[in-house]
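Working notes, structure below.
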Amino acid sequence: MFSGKPEMHDPYDLSLRKAANQELYPGVAHSSLSRSFQGWAALTRTAPSEGTLLVYPNVASVVAYMVLRPFFKPPVDSANVIDASKWTLDESGYFPGTVKTQSQRLGRSSHPHLRLEECLIHVPKMEPVDTVWWHTDVCHAVDPVHEGSANASVLYIAACSTTTINKAYVKMQLSETLAGRPPPDQQEGNDLNESTLKGYVGVEDLSAEAKRAFGFGLQAGWN
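The sequence shown lines up with residues 39 to 261 when you count with this note's numbering.
Take a look at the structure:
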């Protein structure tokens, strides 16, 4: 991207990010895990205009635009904002839409060429137990319109590759789970002891597959 060939960027090449520090700037909106994909699992029906998800399908172009955007300053006259020839080099160091403790924000004024209102699309209608997954770099948003007759409820799930950083995190997470505490990334301001909740069943009866996901195999030397 910085050598004038943004089209060569491959967002699906894990080798370029598997050892990267995912929590360079700690914050409640950040995860220390390396997430390959993010997902929703529906607990209720969700559909367009009923509180569902919007995604921007061209992940590589969005990432390239976001990374290169700080180098350019928009024209003073907002009527010319879409005309790329009216933009000038920006040496201020300002990174639009970025707050270190929050997620990257993209908006119509900060990133106008993305044309978010036109290009964000709804995911298909989902029924309970349906899931939808998107690349972790995909620009996404919750539908601002909810005209349905019932609440839209989903579980937010991350799909994490087996990397050194992720295995270390899962080991820590298992220790916290066995103690009834939330996982490390969700502990700030959260002193809940999950083992005291009504209906808590622990982990003894989990299937072998579930225990593997929880990291029990890591304690036995799985890699």
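For each residue, glycine too, the CB sits at the ideal point set by N, CA and C.
Where L106 sits in the DSSP three-state scheme: L106 sits in a helix when the DSSP states are folded into three classes.
8 Å contact criterion, which P79 and I195 should meet: CB distance rounded: Per the sequence shown, residue 79 should be read as Ala rather than Pro. About 6 Å separates the Cβ atoms of A79 and I195, confirming a contact at the 8 Å cut-off.
The segment 167-186 in contact with the segment 82-90 per 3-pair CB rule at 8 Å: As far as the Cβ criterion goes, the segment 167-186 touches the segment 82-90, which means the pair count is three or higher.
Three-way DSSP call (helix, strand, coil) for M164 in this model: M164 falls in the strand class under three-state DSSP.
Simplified DSSP state of R250, which is helix, strand or coil: Three-state result, R250: helix.
Euclidean distance between Cα positions of L212 and H173: So the two alpha carbons sit approximately 26 Å from each other.
Element boundaries [alpha helix (DSSP H), containing I195]: In the DSSP annotation of this structure, I195 is not part of any alpha helix (DSSP H); the continuous beta strand (DSSP E) holding it starts and ends at V192 to C198.
Sequence-distant residues of the same chain with beta carbon closer than 6 Å to M39, five excluded per side: Within the same chain, M39 has close Cβ partners H47, A102 and V105.
Test: L235 CB closer than 8 Å to a CB of chain B: In the structure shown, chain B cannot be found, because there is only a single protein chain.
Secondary structure of A85, DSSP reduced to three states: Reduced to three states, the DSSP call for A85 is coil.
C-alpha distance - I120 paired with G131, whole-angstrom precision: Within the model, the alpha-carbon separation for I120 versus G131 is close to 22 Å.
Alpha-carbon to alpha-carbon, V93 and G240: Rounded to the nearest angstrom, the two C-alpha atoms are 36 Å apart.
Beta-carbon proximity check, E232 vs G218, cutoff 8 Å: Taking 8 Å as the Cβ cut-off, E232 and G218 qualify as a contacting pair.
DSSP three-state assignment for Q211, whether helix, strand or coil: Note: Q211 maps to helix in three-state DSSP.
Boundaries (first-last residue) of the beta strand (DSSP E) holding L92: L91 to V93 is the span of the beta strand (DSSP E), which, as asked, contains L92.
Three-way DSSP call (helix, strand, coil) for S216 in this model: It should be noted that the sequence gives Leu, not Ser, for residue 216. L216 carries a helical assignment under DSSP once its states are collapsed to helix, strand and coil.
K236 in three-state terms, based on DSSP: K236: coil per DSSP, three-state reduction.
Contacts around S191, its chain only, beta-carbon distance under 7 Å, and the 5 residues preceding and following it disregarded: Answer for S191: L81 and T82, listed in chain order.
Extent of the continuous alpha helix (DSSP H) run through L154: Element bounds for L154: L154 to C157.
Segment limits, beta strand (DSSP E) that includes G227: Element bounds for G227: n/a, residue is neither H nor E.
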